[in-house]
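Trainee:
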Amino acid sequence: MKKIIISGSLILGLIWLGYFLVLTFTSDETKIRWVLLEMEASFNDADAYGVRDQLAEDFRVTNRNVDRNTVTLFLLRVFKDSKKKDGSPKYRVEIPRDAEGELDVAITLKPTDPKSASLEVTAEVFENRGSGRDSENWKSLGHFQVEATCEFQRGSFRVKRAKKVKGSPDIPF
């Protein structure tokens, strides 16, 4: 029994060390892309709290009086009201990828503040016009562009400010 406990502790220690090394040697740009990937996946899973967790505690939409809690309540409402009868989501968001499969996002790290960055991202919104999640059921509603700033908070980067710069009039939110 003692050998099992020691072996388990050693394995957990090695996993923790590996995780720490990956985070240490991963660029800040990659960490910011991870935040955007998590936001995209959470939205597509109709998980308002998953989106909220990627926002800073003091998040604000700069051209509106919208904070983190307002975004969460809005998304909860959108996801509840737009769920289809078969349980599939009505909306999906996709951030374009470049040739290497990375998110096509313009990230500028601030040299005066290494734990802060600005970014510009364009995403496409799709509406499910059929039943289920089959790709032929999704129709593009258009693109929207957001400028944002990220800061390192609570152990990772979080979106602190956001501003919708452009958006298709066909996107209902």
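Under the working numbering, think of the first position of the sequence shown as 124, with each following residue one higher.
Ideal Cβ placement from N, Cα and C applies to all residues, glycine included.
Residue 250: which of 226, 125, 201 sits nearest, CA to CA?
Mentor: Ranking the options by Cα distance to residue 250, first place goes to 201.
Trainee: Can you round the beta-carbon distance between residue 160 and residue 226 to whole angstroms, since I take them to be within the 8 Å contact cut?
Mentor: That pair is a contact at about 7 Å.
Trainee: Going by DSSP in three states, residue 296 sits in which element: helix, strand or coil?
Mentor: In this structure, residue 296 counts as coil in the three-state DSSP scheme.
Trainee: Return the chain-ordered list of same chain residues with a C-beta closer than 6 Å to the C-beta of residue 167, the five sequence neighbours on each side being excluded.
Mentor: Answer for residue 167: 215, listed in chain order.
Trainee: Which residues in the same chain as residue 297 place their Cβ atom closer than 6 Å to its Cβ, once the five residues preceding and following it in sequence are excluded?
Mentor: Outside the shown range of the chain (124 to 296) lies residue 297, about which nothing can therefore be said.
Trainee: For residue 178, collect the residues of the same chain with a Cβ closer than 7 Å to its Cβ; drop the 5 residues on either side in sequence, then sort them by chain order.
Mentor: If we look at residue 178 and ignore the five residues flanking it on each side, its Cβ neighbours are 191, 194, 281, 282.
Trainee: Suppose you measure from the CA of residue 222 to the CA of residue 124; what does that come to, to the nearest Å?
Mentor: Those two C-alpha atoms are separated by around 51 Å.
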